[in-house]
Each structure stands twice: as structure tokens, then as C-alpha cells.
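Colleague:
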Amino acid sequence: MSTLLHAPRRRQWGADRRSEPLPTVPPKATHRSMGANRGAIWVTLAAWIGYSLRTLKSELLDRTPTWSTVIPMTLYLVVAAALSTSALAYLIARQGFLIRSSQHTRATRLDLDTQFASGSPSMTVLVPSYREDTRVVRQTLLSAALQEYDDMSIVLLVDDPANPGTEEERELLDGALSLPWELNRLLSGPASDARNALAAFDNSSSLRLMTDSRELTELATAYQDAADALEMIADTVARVDHTDDFLVDQVVGRLIGEFRQIATAIDAAADQDVDFTVERARQLYLRLVRVFTARVSAFQRKRFASLSHEANKAMNLNSYLSLMGGAYTISHRAGLTHLDPAVDPRSADLVVPRTEYVLTLDADSVLLPEYCLRLVYIMEQPGNERMAVAQTPYSAFPGAPTRLERLAGASTDLQHRVHQGLTHYGATYWVGANAVLRRSALDDISTTEIEHGIPVVRYIHDRTVIEDTESSIDLGTHGWTLFNYGERLSYSATPPDFGSLAIQRQRWADGGLIILPKLIKQWRSRKESDTPMTFTQFFLRLNYLASIAWSSAGLVLLLLYPFSQTLLSPLVILAAAPYFLAQADDLYDCGYRRRDVARIYGFNLVLLAINVAGAVRSLGQALTGNKIAFARTPKRQNRTAARAPFLAIPLILIGFSAYTVAKDYAEHRWWHAGFAALNASTALWAFVALIGVTAAVTDLATGVVRFVYRDAGPEPAARPTTLDWAVVLDRGAA
1 MSTLLHAPRR RQWGADRRSE PLPTVPPKAT HRSMGANRGA IWVTLAAWIG YSLRTLKSEL
61 LDRTPTWSTV IPMTLYLVVA AALSTSALAY LIARQGFLIR SSQHTRATRL DLDTQFASGS
121 PSMTVLVPSY REDTRVVRQT LLSAALQEYD DMSIVLLVDD PANPGTEEER ELLDGALSLP
181 WELNRLLSGP ASDARNALAA FDNSSSLRLM TDSRELTELA TAYQDAADAL EMIADTVARV
241 DHTDDFLVDQ VVGRLIGEFR QIATAIDAAA DQDVDFTVER ARQLYLRLVR VFTARVSAFQ
301 RKRFASLSHE ANKAMNLNSY LSLMGGAYTI SHRAGLTHLD PAVDPRSADL VVPRTEYVLT
361 LDADSVLLPE YCLRLVYIME QPGNERMAVA QTPYSAFPGA PTRLERLAGA STDLQHRVHQ
421 GLTHYGATYW VGANAVLRRS ALDDISTTEI EHGIPVVRYI HDRTVIEDTE SSIDLGTHGW
481 TLFNYGERLS YSATPPDFGS LAIQRQRWAD GGLIILPKLI KQWRSRKESD TPMTFTQFFL
541 RLNYLASIAW SSAGLVLLLL YPFSQTLLSP LVILAAAPYF LAQADDLYDC GYRRRDVARI
601 YGFNLVLLAI NVAGAVRSLG QALTGNKIAF ARTPKRQNRT AARAPFLAIP LILIGFSAYT
661 VAKDYAEHRW WHAGFAALNA STALWAFVAL IGVTAAVTDL ATGVVRFVYR DAGPEPAARP
721 TTLDWAVVLD RGAA
């Protein structure tokens, strides 16, 4: 296997000490916790309303209003409303999560085996990849290949340049293209053994309803052999970092432990002469076949001129989705390679089956073995025929080696709970890292355009860089629903350094404001339908799209504008307190410390410039119509440099907050001084502890050098001295 291996990232003081993930099934929420959260919602709402009424009375009725007092008052009320709205949305979503966790019932193993005893609906797993570390992609493909699903095709969509320009690019491409062959070879032996064991059992038990002790012993042996095979598979994983440990211990290791436990239970049943039906024994054999049976392949859209080469993940997925259900021949015209529909499928060079379900899976994500089985089980239940998307919002890998990755992971684990809560109110958004999609729903929202003379089909719209969010609105407009399954079955990598995190968070901040008109249009159109959007559903969807913009703008005003001391009130603190207390409890429930809530606050202050930049870029696209370039999050062991403005602005903010503390202290503005001191101290801690002084100085210096010394670029080509008759006759004179 060709791969770029790096030394493990050195563990920092304050890194994540956890080695075990959070429970797959969340603990059931108590009536006390749900009641306390309901009280927090009412306290926040009452404090916000009380503050607004108190401010309006004191500024407009108790004194003569002037422009110098009305404008700051209005600004402050708008800021308080924006921040309180986001706090309310968090608490409401949290209430939904608590209710769902108290009501969640897991399908039993017998239910799953019975449902899929006669076969599973067909599924294709699509893993888009662009210049990824081969080791990381292998993790993802192996976790997909070990899914307990029997009719599955896994396709690695390699989007690297078809003709690499450097040795590193060549090694990454070769490594990615070698993975399907390697994994198919790795699984072929255990898969063959499982199929042979099933065939032998079918031959020996075809005329009976009950098994005998010999057949039970053979079944137990088959499970022990499968566990041995999984141990050999685990030995092929290079343990470079905590994500490799997770794959070995929680994916492969979990199957090993479960298979050995099943073998022990079957032996016990045989010793006790328990009546064991042939049907149940066959279901257990089928489980072994499902685990080891997978077809892994790779596809490169950039090899073919007849497919879109637009540089984003959505079009990588769309290109393959548009081929599904067809047969194609490879042709060469004008020095380019094309895929043409085959006249006779039997002589086709490429046949792409159409499947009922599609699983999209980012190349840095890992699934637990039951992911596909449990999600398709839900989608196949009566009444769920219009469920387009089922997913488990991803969680962070435990054991992060850096402080920044640990804290970013804490935010990820909090967002898992928020997304689960959104489903309670019918406000689910598709989280693009992993999801099971119903193919007929994708067909319903597809559009076709002619670009550069070729038809381009878009199932997942790429108008914004948050393509999954926009597609959620499109699906809702067409009457489809989305669902978050109430367990933790998927994990995804968190950026380990500030440079890669900045790229990810700016992308997340892009696009929400552009999609907002679609949501409003859907809300209006559904008013007169049989399924109108509830106020809570619309409120949560609106907050999801716009909260980054309005919260960032509100924080900037609070930090920079010298508001009057008279506008400050304990009611403002009372309105914010339930949000921070609830978040502290959620952090504790997710295995972090309650005091991490202050660290996350400082972390968000450092990210403020990134969020504002993303919101501004969204407005820019809305005004100009120019599509924002898709920026992929780097997934590598070595550090990614951060842009200089994203480092300089937090330093300016810290300095300004410190200046404000001194100024307010001298003027006895105690409330404002306390707020500024909180901002300065938490942001300073976040900058030093999460970014690092050395890394910041290095990246700032690099940014200055790049700004001063620009690459001149290649010399322009000389104009031809001879007359080009084709240009004159066909294009016309310039």
C-alpha cells in the first residue's frame, strides 16, 4: 500500500484524555432535566422581554429621547434580541434532544435480522476524495466495507488531478487507486468462508425446522473463525493517531468482541439442548456474510471530458449519480476521453448499477458496523416512504492530541445533540459528512443544465459551499422529510490546528444567508398546504441558517461600540445565564469539563473574524451572483498555515478589550469593564493555548512576506507574428 506516513502528532498538555467514545445509545433524560430546561427557556424569554420593556421605558418615557440616545438603545436592543434568539434556539433544540432521548427505543437484534433475512435493499456507498492521506481514506473504506449490509457497492470517487504535477500528488493518487484492490483482497477470504459455511448449513438443514447440537457447534466455530479473521484485519491498520485507535478498537474490535460473545452464547445453548430454529441459525450465518461482503471500486470523473470537472464535492457526487443505472463505452475524440451510452450493455466498458439507497460518506469519517442496517431499517418502516435522508450527526473521535482539536471536538459533540433536537420539531438538516439517501428523492430534486456543450445533472445543488444544507430545503419543498437517528453511529475527524479549522469554519459560515430566501419561500408555500410549517420549525430552521451572521454581528457591536452604562442591566446576564449553564451541563454529559464553556466562549471570540468573513462572502455572492470557491478542509498530519488576517484580528480584539477595561475602570463603568475583562481574558487564553504563540508568529510573518513579495507568474506568451486566418474568418477582427 502506497501512503504518506507522518509521525504521530505530539500530545499537548490539556489534550483529550478519553479513550472510550460516548455511549452509542444516549442515557434517557429524566423528567427533572426536561423540567429544568423548560424553566431555562422561560427564564431566558422573560428576562429578554423584561429587559426590552425596562430599556424602552427608561430611555423613551423617563427621559427626553434624542438621537444620541435612541440610536445606541436601538442597536443594543437588536443585539440583545439576536443573541437571546440564538440562546433560545439552543435551549429549544436541547429540549427536543432530551425528549427524544427519553423516548428512544432501539430495534432488537432479532428485529434487524428478521427484517433483512430475505435480503436488503440495494445500496451504493459514495466516498468523495480529493488529495487525501491514503491512511485516512483506508479507514473510511474499511469501516464502510465492514457494514452489516449484504448488497453494497463502495465507490471511492477520486477527484485528484488525473495527471499529477508533483511526486506527492502522484503518490496520493496511486495510493487512493490501490485501496479498492487491497481491501477486496483483504475481505475475500473471510467472505468466502462465511458463504461456504452458510451453504453447508443450508445443505444439512434444508428439510428440518430445528437445529441439532452439531450444527450449533459449527455455527459457534464460524463466529470464532470470523473473529480471528477480524483480528488479522485489525493488524493491517497502521496506528498513527487516535483515529486509527478508534477504528481498531471501536469498529473492528467491537465486532470481534461481539462475535466471540455470540459464539460463547451459542455453545451454551448447545450444551443446554435449547430448541434453536433453523431460521434463526440461518439469520446468524447471514450476518457473517453481510459483514465481510462488499465490492470496493474507484472512479475518476476527471478522466472524462463528458463529465463536469467543477471543483467541489457536490459535483464529484453528482457526476457519479448521473451515471447510475446506465452502461457506457469509453471513446477518444480530439485527444479527449469520453463516456458514451452503450448501444449494447453487454459490450459496455462501464456499467453503473442503480440502487435504491445511496450513502454519502466523507473520506475522513468512520461508521460503526450497524450504521447502514439501522438507518435503512428505519427508512423501510411503514409510514416512512417519504423519508429522503436518514443520518446520525457525526461525533468527535475521542483522544484528540491537541487542545484545539479537543475543544473543536467538544463543539462537534454539542452540535450532535442540537441536530438530534431539531428532528423532534421536524427541522432536520442534512449534515453532509454521512447520510443514507433515498435515490428517488434525489431524482425528485434534480435539475439538468447544458454547460460547455454537455448535459450536467445536479442532484445535490452546489450553488453554495454548504450543499447539504441547501439540499435539505429542496427536499422539504418537494414534500420529503429528513431524520436524525437517535444514536451515535458515526465519527468524523476534527481539524487539529487553527489553519485547517479556519478553512472549515469559514466554509460553514458561507451560504446560509443565500439559502434563506428559499426557506422563506417554502414557509409561505406550505401555509396553504396540508402540512404547514410550525412556528418552532421555521424558527429553528431560520436560526440554523442565519445565526452565525447575526450572532457575529452582535458580538462585534458589543465588543467595539461604547454603549452607555445605562443600557446595561442584570437582566441581560439573566437572559444569557441559562444558555451557558445548559451548555456546561451538556459538556459534562459529553465527557468534558463544565468549565470548558468559558474556553469555548473564548474560542468563539477568536473565530469571530472567520465567521464575519464567511457572512460577508455570502452577502457578496448574493449581490454579484459569483459562486464562492469550495475550500476543502486539509486532512493531514503536518500543520496548515492560517491566513494572517485571521490571526491579526483576534490580537486587535484582545488589545482593544484590554484598553476598554482600563478606560472603563477609570470611568467607574463596572458592568462594561467586567464584560471587557471577560472577553480579553478568554480570548487571550484561546489564542495562546489553541493557536500558539510560535505558530501565530510564523504564520503572520509568512503572510506579510507573501503580501510584500508577490509571485510574478509566468511570462506572457508572445503574440504570433503570422496571420491566423481562422481567427480572422471565424471569430472576426478584435
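The sequence shown begins at 1 in full-length UniProt numbering and counts up one residue at a time.
Even for Gly, the Cβ is constructed at its ideal location relative to N, Cα and C.
Less than 8 angstroms between the beta carbons of Y320 and V137, yes or no?
Modeller: By one-based count along the sequence shown, residue 320 stands at place 320. By one-based count along the sequence shown, residue 137 stands at place 137. Contact flag unset, no.
Colleague: Going by C-alpha distance, which of A199, A227 and S306 is nearest L286?
Modeller: By one-based count along the sequence shown, residue 286 stands at place 286. Per the Cα distances, A199.
Colleague: Mind pulling the alpha helix (DSSP H) runs of 4 or more residues that sit fully within the stretch 347-397?
Modeller: Listed in chain order, they are 371-379.
Colleague: Note down, one range per segment and in chain order, each beta strand (DSSP E) of at least 3 residues found wholly within the stretch 90-162.
Modeller: Entirely contained in the stretch 90-162, the beta strand (DSSP E) runs reaching 3 residues are, in chain order, 123-129 and 152-158.
Colleague: Terminal residues of the continuous alpha helix (DSSP H) containing H416?
Modeller: The residue labelled residue 416 in the question sits at position 416 within the sequence shown. R403 to H424 is the span of the alpha helix (DSSP H), which, as asked, contains H416.
Colleague: Could one say the Cβ of S411 lies closer than 8 angstroms to chain D's Cβ atoms, at least one of them?
Modeller: You won't find chain D in this structure, because it holds only one protein chain.
Colleague: Grouping DSSP H, G and I as helix and E and B as strand, with all else coil, what is E449?
Modeller: By 1-based counting over the sequence shown, the position of residue 449 is 449. E449: strand per DSSP, three-state reduction.
Colleague: Can you say whether Y544 is buried or exposed, counting buried as having 16 or more other CB atoms within 10 angstroms of its CB?
Modeller: Translated into positions along the sequence shown, residue 544 becomes position 544. When all chains shown are included, Y544 counts as buried.
Colleague: By a C-beta neighbour count over all protein chains shown, 10 Å radius and 16 as the cutoff for buried, is T447 buried or exposed?
Modeller: The count along the sequence shown starts at 1 and reaches residue 447 at position 447. Burial call: exposed.
Colleague: Look at the alpha carbon of T355 and the alpha carbon of M152, and state the distance between them as a whole number of angstroms.
Modeller: The sequence position of residue 355 within the sequence shown is 355, counting from 1. The sequence position of residue 152 within the sequence shown is 152, counting from 1. About 9 angstroms.
Colleague: Measure how close the beta-carbons of A29 and L98 come, nearest whole angstrom, since I'm counting them as under 8 angstroms.
Modeller: Along the sequence shown, one-based indexing puts residue 29 at 29. Along the sequence shown, one-based indexing puts residue 98 at 98. Contact holds; Cβ gap of about 4 angstroms.
Colleague: How big is the Cα-Cα spacing for G453 and I466?
Modeller: The count along the sequence shown starts at 1 and reaches residue 453 at position 453. The count along the sequence shown starts at 1 and reaches residue 466 at position 466. Looking at the two C-alpha atoms, the distance is approximately 27 angstroms.
Colleague: Give the straight-line distance between the Cα atoms of L157 and K313, rounded to the nearest whole angstrom.
Modeller: Numbered from its first residue, the sequence shown carries residue 157 at position 157. Numbered from its first residue, the sequence shown carries residue 313 at position 313. Each residue's Cα considered, the two are about 10 angstroms apart.
Colleague: Using the Cβ count rule (16 or more neighbours within 10 Å means buried), how would you classify Q506?
Modeller: What you label residue 506 is simply residue 506 of the sequence shown in a count that begins at 1. It is buried - the Cβ of Q506 has at least 16 other Cβ atoms within 10 Å.
Colleague: I need the straight-line Cα distance from L581 to R214, nearest angstrom please.
Modeller: For the purposes of this step, residue 581 is taken as residue 581 along the sequence shown, with counting starting at 1. For the purposes of this step, residue 214 is taken as residue 214 along the sequence shown, with counting starting at 1. Taking the straight line joining both Cα atoms gives about 59 angstroms.
Colleague: If you draw a straight line from the alpha carbon of R131 to that of E169, how long is it in whole angstroms?
Modeller: The residue given as residue 131 occupies position 131 in the sequence shown. The residue given as residue 169 occupies position 169 in the sequence shown. Using only the alpha carbons, I get a separation of about 7 angstroms.
Colleague: How should Y377 be labelled, buried or exposed, when 16 other C-beta atoms within 10 angstroms of its C-beta is the threshold for buried?
Modeller: Sequence index remark: in the sequence shown, residue 377 carries index 377 (1-based). Y377 is buried by the Cβ-count criterion.
Colleague: Whole angstroms is fine: what's the gap from P353's alpha carbon to R346's?
Modeller: Taking the sequence shown and counting its residues from 1, one reaches residue 353 at position 353. Taking the sequence shown and counting its residues from 1, one reaches residue 346 at position 346. Their Cα atoms are separated by approximately 13 angstroms.
Colleague: In terms of alpha-carbon separation, which member of A689, S529 and L288 lies closest to P369?
Modeller: Taking the first residue of the sequence shown as position 1, residue 369 is located at position 369. Comparing Cα positions, the closest option is L288.
Colleague: Report buried or exposed for W13, applying the criterion of at least 16 other Cβ atoms within 10 angstroms of its Cβ.
Modeller: As a position in the sequence shown, residue 13 is number 13, starting the count at 1. Result: exposed.
Colleague: Where does M210 fall in DSSP's three states?
Modeller: For the purposes of this step, residue 210 is taken as residue 210 along the sequence shown, with counting starting at 1. If DSSP states are grouped into helix, strand and coil, M210 belongs with the strands.
Colleague: Roughly how many whole angstroms lie between the Cα atoms of E20 and A238?
Modeller: Counting from one through the sequence shown, the residue named residue 20 turns up at place 20. Counting from one through the sequence shown, the residue named residue 238 turns up at place 238. Approximately 19 angstroms between the Cα atoms of the pair.
Colleague: Thinking just about the alpha-carbon of each residue, which of D362, P645, E470 and T293 is nearest to the one in A696?
Modeller: Mapped onto the sequence shown, residue 696 falls at position 696. Minimum Cα distance to A696 is reached at P645.
Colleague: Using C-beta distances below 8 angstroms, list every residue in its chain close to Y485, excluding the 5 sequence neighbours before and after it, in chain order.
Modeller: Here residue 485 refers to the residue found at position 485 when the sequence shown is read from its first residue. Correct list, in chain order: R374, L375, I378, A390, Q391 and T392.
Colleague: In or out: T469 buried (at least 16 other Cβ within 10 Å) or exposed?
Modeller: Locating residue 469 in the sequence shown gives position 469, where the first residue counts as 1. It counts as buried.
Colleague: The alpha helix (DSSP H) spanning F675 covers which residue range?
Modeller: Walking along the sequence shown from the start, residue 675 turns up at place 675. W670 to A686 is the span of the alpha helix (DSSP H), which, as asked, contains F675.
Colleague: Could you pull the DSSP bridge partners for S440 from this structure?
Modeller: Numbered from its first residue, the sequence shown carries residue 440 at position 440. None; S440 has no bridge partner.
Colleague: Is the beta carbon of I473 sitting closer than 8 angstroms to the one on S618?
Modeller: Along the sequence shown, one-based indexing puts residue 473 at 473. Along the sequence shown, one-based indexing puts residue 618 at 618. No, these two residues do not count as a Cβ contact at 8 angstroms.
Colleague: Can you grab the Cα-Cα spacing for the pair D664 / V127, in whole Å?
Modeller: Along the sequence shown, one-based indexing puts residue 664 at 664. Along the sequence shown, one-based indexing puts residue 127 at 127. Using only the alpha carbons, I get a separation of about 54 angstroms.
Colleague: Out of curiosity, what's the CA-to-CA distance linking D589 and R541?
Modeller: Against the sequence shown, residue 589 aligns to sequence position 589. Against the sequence shown, residue 541 aligns to sequence position 541. One C-alpha to the other measures close to 25 angstroms.
Colleague: Which residue comes first and which comes last in the beta strand (DSSP E) that contains I460?
Modeller: Position 460 of the sequence shown, counted from the start, is the residue given in the question as residue 460. Careful: I460 lies outside any beta strand (DSSP E) and carries neither H nor E.
Colleague: Alpha carbon to alpha carbon, what distance is there between Y601 and D340?
Modeller: Within the sequence shown, the letter at position 340 stands for residue 340. Within the sequence shown, the letter at position 601 stands for residue 601. In a straight line, the C-alpha of D340 is about 54 angstroms away from that of Y601.
Colleague: So, is S365 buried or exposed, given that buried needs 16 or more other C-beta atoms within 10 angstroms?
Modeller: In the sequence shown, residue 365 corresponds to position 365, counting from 1. By the 10 Å Cβ count, S365 comes out buried.
Colleague: Pick out whichever of Q103, N318 and Y394 has its Cα sitting closest to the Cα of N434.
Modeller: Reading the sequence shown from its first residue, position 434 is the one you call residue 434. When each option's Cα is compared against that of N434, the closest is Y394.
Colleague: Tell me the DSSP bridge mates of A298?
Modeller: Within the sequence shown, the letter at position 298 stands for residue 298. A298 pairs with L156.
Colleague: Given this structure, state the Cα-to-Cα distance separating F539 from A89, to the nearest angstrom.
Modeller: Residue numbering aside, residue 539 sits at position 539 when the sequence shown is read from its first letter. Residue numbering aside, residue 89 sits at position 89 when the sequence shown is read from its first letter. Distance between the alpha carbons of F539 and A89 is about 8 angstroms.
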